[in-house]
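Structure record follows, encoded as structure tokens.
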Amino acid sequence: MPVNHRIKPVWLETQRAFRATVTGVDDAIAPQAHSAHGTLAQRVAVYRNTVQQSLIDVLASAFPAVQRIVGVRFFSALARDFVRSHLPDVPQLSVYGVKFPDFIATHKRLSDLQYLADVARLEWARGESYFAADAAPLDLAGLAAIAPERLASVIFTLHPATRLVVSPHAIHRVWMVNQPDVVDVPAIDIGIAERVILTRPHYAVMVRLIAPADAAFVAALNRKLSLGAAAGEALSVDPAFNLQAVLQDHFIHGTFSTVQTE
135 MPVNHRIKPV WLETQRAFRA TVTGVDDAIA PQAHSAHGTL AQRVAVYRNT VQQSLIDVLA
195 SAFPAVQRIV GVRFFSALAR DFVRSHLPDV PQLSVYGVKF PDFIATHKRL SDLQYLADVA
255 RLEWARGESY FAADAAPLDL AGLAAIAPER LASVIFTLHP ATRLVVSPHA IHRVWMVNQP
315 DVVDVPAIDI GIAERVILTR PHYAVMVRLI APADAAFVAA LNRKLSLGAA AGEALSVDPA
375 FNLQAVLQDH FIHGTFSTVQ TE
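In terms of the working numbering, the sequence shown is residues 135 to 396.
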């Protein structure tokens, strides 16, 4: 039997047209829709609304503080614009929205809220931390077998759930006052730069502020610099950087998972 090589391309084109229609990008397939049980175009429109609303709900769950800042109606319109131009890349809704902070950063109607994109990045980092792989956090006992003269050369691996968000804006304060249980929102100096670290020591994500030197230290360790080199970068930010106190704090909060020598 002769093989019709046009079947696959035509079917692929139909799939793409249907996808564009249900996501609101294009109505290309609607005029082709016919049904003996009513207008199929209307039924496609219902399905399209369901798909779009499902993705909008995913974004609302991932970025609740952003939604509270701009309001439910504006957020829904913003999310709908995002959905139309950013379709899911993989069939896993927990990773849908990774590009939303960048979308916010370039949105013309949000030009007066320069901090909002970084608040969104903080919320996304919190979600990543929550869904990250499990691993036993490194404790001080993990350093016991390393000779003191070799400590400067060791390399720490950040825990899979550790995230660092650095912003020129007071994103931690903004995020804190936009939690569901906060009623009275105090005045905030949005121009204060903040550095936020997220860890998950006991299956609960912890979001806390750290000092500029500490942030430089963590960022250096994330680049696989040795303990000595990372401490050097921190000291260049703040000569009063206390390595022992900072390490103890990170061990308490489960920032690291492993340590190795060069």
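All C-beta atoms in this analysis are idealised placements derived from N, C-alpha and C, irrespective of residue type, glycine included. Being a predicted model, the structure only gives us computed values, none of them experimental.
Buried or exposed by the 16-neighbour rule on C-beta atoms within 10 Å, applied to residue i
i, result
"Gln308", "Rather than Gln, the amino acid found at residue 308 in this sequence is Val. With 16 or more Cβ atoms within 10 Å of its Cβ, Val308 is classed as buried."
"Pro271", "buried"
"Ile326", "exposed"
"Val217", "buried"
"Pro320", "exposed"
"Pro235", "buried"
Sequence-distant residues of the same chain with beta carbon closer than 8 Å to residue i, five excluded per side
i, result
"Met398", "Coverage of the chain is limited to positions 135 through 396, which leaves residue 398 absent and any answer about it impossible."
"Glu257", "Ala196, Phe197, Pro198, Ala199, Val200 and Trp309"
"Val316", "Met310"
"Thr395", "Ile280, Arg284, Ser287, Val288 and Ile289"
Alpha-carbon to alpha-carbon, residue j and residue i
i, j, result
"Pro209", "Val299", "Here the sequence assigns Phe to residue 209, which means Pro is not the residue at that position. Rounded to whole angstroms, Phe209 to Val299 spans 23 Å at the Cα level."
"Ala269", "Thr392", "9 Å"
"His336", "Val380", "20 Å"
"Leu355", "Glu328", "19 Å"
"Ala349", "Leu244", "28 Å"
"Arg284", "Val204", "52 Å"
"His220", "Gln187", "14 Å"
"His241", "Ala275", "49 Å"
"Ile322", "Leu247", "13 Å"
"Pro373", "Ser360", "19 Å"
"Leu343", "Pro314", "20 Å"
"Ile238", "Val232", "11 Å"
"Leu292", "Leu277", "15 Å"
"Gln378", "Arg357", "20 Å"
"Asn376", "Asp318", "36 Å"
"Asn183", "Gln382", "51 Å"
"Gly366", "Gly261", "31 Å"
CB contact flag (residue i, residue j, <7 Å)
i, j, result
"His306", "Val330", "yes"
"Phe351", "Ala368", "yes"
"Pro294", "Ala338", "no"
"Asp273", "Phe385", "yes"
"Tyr249", "Ile324", "yes"
"Asn312", "Arg207", "no"
"Leu193", "Ala213", "yes"
Neighbourhood of residue i by C-beta distance below 7 Å, restricted to the same chain and skipping five residues each side
i, result
"Ala353", "Leu298"
"Val371", "Pro346, Ala347 and Ala350"
"Gly362", "Ala286 and Ser287"
"Ala259", "Arg297, Val299 and Leu332"
Close beta carbons around residue i, own chain, < 6 Å, minus the five adjacent residues each side
i, result
"Ala364", "Phe351, Ala354 and Leu355"
"Ser263", "Ala295, Arg297, Leu332, Arg334 and Val339"
"Asp223", "none"
query: Taking one C-beta from the segment 246-257 and one from the segment 183-199 each time, how about it: are there three or more such pairs within less than 8 Å?
result: yes
field: At least 3 beta-carbon pairs within less than 8 Å: the segment 301-317 vs the segment 228-238
entry: no
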